[in-house]
């Protein structure tokens, strides 16, 4: 037995009949939405609130004021830190100078200075009653 394949027959080609065109009413051209209407046309349109540009400008000005305040504050703090640094460097130089004086005196002189300082404190406590 040989298998038989069913043959597909194509329907007869029919020509598409053109449909008659219906009359169409004329349509007004559509304006470009990106184009802004003339200024004369916008005068009668009332905006409900401030425009987005106005709000953005106001927010930018507020941000600028905040940034300026921060810069002024940071500058003042930097100046204070610089003044403190100069004061501490002067203190360090003075301490180094005093240490150099004691190094030249030797151990006995350092012990004598410590003894004088202790006795001075003890005397101050007795006088002040502490």
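Numbering (the working numbering), first residue to last: 1 to 130. Every residue, glycine too, gets a C-beta built ideally from N, C-alpha and C.
- In the three-state scheme derived from DSSP, where H, G and I count as helix and E and B as strand, residue 129 is classed as coil.
- DSSP, read as helix, strand or coil, puts residue 49 in coil.
- CA-CA distance, residue 128 to residue 114, rounds to 21 Å.
- The alpha-carbon of residue 50 is positioned some 11 Å away from that of residue 57.
- When the Cα atoms are used, residue 94 and residue 67 turn out to be separated by approximately 41 Å.
- Take the alpha-carbon of residue 64 and the one of residue 81: they are about 26 Å apart.
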